[in-house]
Amino acid sequence: MVNPMNKVTIENLSLEYSDGAESLRGINLNIPANAISVLFGPAGGGKSSLLRILNRLNDLADVKTVRGKVLIDGQNILEPGVDVIALRRKVGMVFARPVPLPLSMRANLTYGLELAGEHRAAVLAEAVERSLTQAALWDEVKDRLDEPAAALSGGQQQRLCLARVLALQPEIIMLDEPTSGLDPISTSKVEASLQKLKTQYTIILVPHSVQQAARTADYAGFFLQGELVEWAPGRAIFSTPRDKRTEDYVVGRFG
Amino acid sequence: MPQQTEQWREMLINWLIKISGYSAIVFVTLIFFFLIRESLPGFSPETFSRLAGSRWYPIEQYYGLAPLIAGSIMVTLGAALVAIPLGLGTAIFIAEIAPRWVREILKPLVEILAGLPSVVLGFLGILSLSPWVRETMNLPTGLTAFSGSLLLGMTSLPTIVSVAEDALDAVPRSYRDASLALGATELQTIFLVTLPAARSGVFTAVMLGLGRAIGETIMVMMVTGNAAMIPNSLFSPVRTMTATIAAEMGEVAKGSEHYHVLFLIGLTLFVISLLVNLTASSVIMRQQKRAERVLS
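Line by line, the protein sequences give chains G and B.
Quick note: the first sequence uses this note's numbering, first residue 6, plus one each step.
Quick note: the second sequence uses this note's numbering, first residue 94, plus one each step.
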């Protein structure tokens, strides 16, 4: 039975790349709706790979084998017949480096919607304002939406990228170290946005530090070399980790 | 003192670099003045009126430039029509669509093609392309502007493919990921994100390719039929400016009117390629300035 609270259910997922790099081994995980789930651990642990499986961005990489199931709303998205484009509209992603497309800010925000066949000016304008407001960027850019997106500062660019995902009204938002290149003020703006957004969306965050993981997590999973070592609700994992390896990483004995 | 020799060496190297830098400018200027000196001063007022005519028949002192200019323009534009879509298509295929192993075969292959002497392509044109054109189009001769355009397109193709492919390849992987993650298909990503992001490199590729097409001489001489008349369609024989100089310079009497006119054609070619380059670099500069503003 699928628990309705669980937006994403991962069953016995294994992944291997053809060059033998980073892989995943036997991952079992339930990601709840309307919460921030944090996936943390040292580099090469498989966190990004997991995100790229959830929106099938890994389809283009040299993947040798993928086994197991990934259920989103009860549907296994790894099956061959799945509409990948529709899946990516439902599962949005923000990357580590802000990637404004070489277009104006407005065109960046409407890009996904227009590709989805939405051309009504009123709907697009509404989506631009709503998504920028949600990403706490509207006041800063509302008067210059037609300027190139690359003219924004790094922190603004990353919030634009978040807004671009929000414009599509996805159900799940994945963020892969979204603040790794940002200053503390921009970082706290992004984190504050996420706290507001979690009431409407399922958020999966790969943080860039243990501190950020501890600040933001409603649920947290510790990944080490392709294995999910420990998964716990709340911030328990940071104060009373059950596994020795988690404890060593959280207190900073390695990492 | 060793410190003093060090200073001398620095100064010497500095000067050598400066001289080689300035010499490029000096040479181009000298060529320009040489072309002017050998053409314009030898002209009588009658020569100028003859240049405006519509016939090129030097033996009877018809020096109308129009058929030659028209021939060059027609063949070059025809080549552009062939080379730009085909070249960009190939570049997109190699950079974005082909699997890795296909790419590793195609890319060096294209670069080898770029080094193929055009006279070899001219052979191909005379032996197979022009008979085919004559038969399928039912023309009196297959040596036409059309054949010239096709082959000329082939000579500029490798340049366009190779430069455009590098430009596409330089677009960060993350742009494509971001676009795909927003629900774009691979083709939408190529045309809406990757190609616009690489546009200044792609533009350079086209300009370099066309630059090669304008200057190409021996091959167009072989396959365009060399009839100096104003062409009424792509399927009539033409003669280009470059081919005219190559064909007639060997037999002309030094200092004759014909001789000066040939130099004027050279000057015209020089000015045309100067204008093409100026346009290209001003477009690229404008984009760079925008890009700099955008990136700062």
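C-beta: ideal position from N, C-alpha, C; glycine also.
Contained alpha helix (DSSP H) runs [length at least 4] in the stretch 321-382 of chain B, N- to C-terminal order: Whole alpha helix (DSSP H) segments, 4+ residues: 334-341.
C-beta neighbour in chain B for R261 of chain G, strict 8 Å: The structure shown does not extend to residue 261 of chain G, since chain G is modelled only from 6 through 260, so no value can be given for it.
Three-state secondary structure assigned by DSSP to M314 of chain B: Helix, per DSSP.
CB of I177 of chain G within 8 Å of CB of T207 of chain G, strictly: In terms of Cβ geometry, I177 of chain G and T207 of chain G form a close pair [threshold 8 Å].
DSSP-derived helix/strand/coil call for S193 of chain G: Secondary structure at S193 of chain G: helix, using DSSP grouped into helix, strand and coil.
Reduced DSSP category for Y206 of chain G - H, G, I as helix; E, B as strand; rest coil: In this structure, Y206 of chain G counts as coil in the three-state DSSP scheme.
Contained alpha helix (DSSP H) runs [length at least 4] in the stretch 255-312 of chain B, N- to C-terminal order: Annotation: the stretch 255-312 of chain B contains the following complete segments of the alpha helix (DSSP H) (minimum length 4 residues), in chain order: 266-274, 279-282 and 292-308.
Within 8 Å of chain B by C-beta, residues of the stretch 79-109 of chain G in sequence order: With the criterion set as a beta carbon lying under 8 Å from some beta carbon of chain B, the members of the stretch 79-109 of chain G are I90, A91, R93, R94, G97, M98, F100, R102, V104, L106, P107 and L108, in sequence order.
Where I82 of chain G sits in the DSSP three-state scheme: Here I82 of chain G sits in coil by DSSP.
Min CB distance N266 of chain G to chain B below 8 Å: In the structure displayed, chain G extends from 6 to 260; residue 266 of chain G sits before or after that span and is not available.
Minimum C-alpha distance to G182 of chain B - residue among B:S375, B:S366 and B:I283: It is B:I283.
Contacts around A141 of chain G, its chain only, beta-carbon distance under 6 Å, and the 5 residues preceding and following it disregarded: By the criterion of a C-beta distance shorter than 6 Å, A141 of chain G is surrounded in its chain by K194 and S198, once the five residues flanking it on both sides are discounted.
S267 of chain B classed as buried or exposed, judged by whether at least 16 other C-beta atoms fall within 10 angstroms: Residue environment for S267 of chain B: exposed (fewer than 16 other C-beta atoms within 10 angstroms of its C-beta).
Extent of the continuous beta strand (DSSP E) to which S142 of chain B belongs: Careful: S142 of chain B lies outside any beta strand (DSSP E), inside the alpha helix (DSSP H) at P138 to L144.
Check whether V286 of chain B and L236 of chain B have beta carbons under 8 Å apart: For V286 of chain B and L236 of chain B, no; Cβs fall outside 8 Å.
Span of the beta strand (DSSP E) around V170 of chain G: If you look at V170 of chain G, you'll find it isn't in any beta strand (DSSP E); it sits in the alpha helix (DSSP H) that goes G159 to A172.
Beta-bridge pairing of A237 of chain G - partner residues as DSSP gives them: For A237 of chain G, which the question treats as bridged, DSSP gives the partners G:A225.
Positions along the stretch 160-172 of chain G whose CB lies within less than 8 Å of some CB in chain B: Hits within the stretch, in order: C166, R169 and V170.
Check whether Q163 of chain G and L187 of chain G have beta carbons under 8 Å apart: Going by C-beta atoms, Q163 of chain G is nearer than 8 Å to L187 of chain G.
Below-8 Å beta-carbon distance, P251 of chain B vs any chain G residue: Interface residue (Cβ-Cβ distance to chain G less than 8 Å): P251 of chain B is not classified as such.
N- and C-terminal bounds of the beta strand (DSSP E) containing V43 of chain G: Where V43 of chain G is concerned, the enclosing beta strand (DSSP E) stretches over I41 to F45.
Three-way DSSP call (helix, strand, coil) for M10 of chain G in this model: Correct three-state label for M10 of chain G: coil.
Proximity to F125 of chain B [Cα-Cα], best of B:T372, B:G359 and B:Y155: The residue with the shortest Cα to Cα distance from F125 of chain B is B:G359.
For W108 of chain B and A336 of chain B, the rounded distance between their alpha carbons: Their Cα atoms are separated by approximately 41 Å.
Check whether G226 of chain G and R30 of chain G have beta carbons under 8 Å apart: No, they are not a contact pair.
CA-to-CA distance, V295 of chain B to L34 of chain G, given in whole angstroms: Pairing L34 of chain G with V295 of chain B, the inter-Cα distance amounts to about 46 Å.
G215 of chain B, enclosing alpha helix (DSSP H) - first and last residue: Where G215 of chain B is concerned, the enclosing alpha helix (DSSP H) starts and stops at S211 to L217.
Contact under 8 Å by Cβ, I32 of chain G with R61 of chain G: The answer is no: Cβ separation not under 8 Å.
Top-ranked residue by Cα proximity to C166 of chain G, from G:F100, G:D148 and G:A127: Here the closest residue by C-alpha is G:F100.
Contacts that A121 of chain G makes with chain B (C-beta to C-beta distance below 7 Å): Residues of chain B passing the Cβ test: G276.
Simplified DSSP assignment, three categories, for S214 of chain G: S214 of chain G: coil per DSSP, three-state reduction.
Continuous alpha helix (DSSP H) assignments of at least 4 residues falling wholly in the stretch 70-115 of chain G: You should have 89-95.
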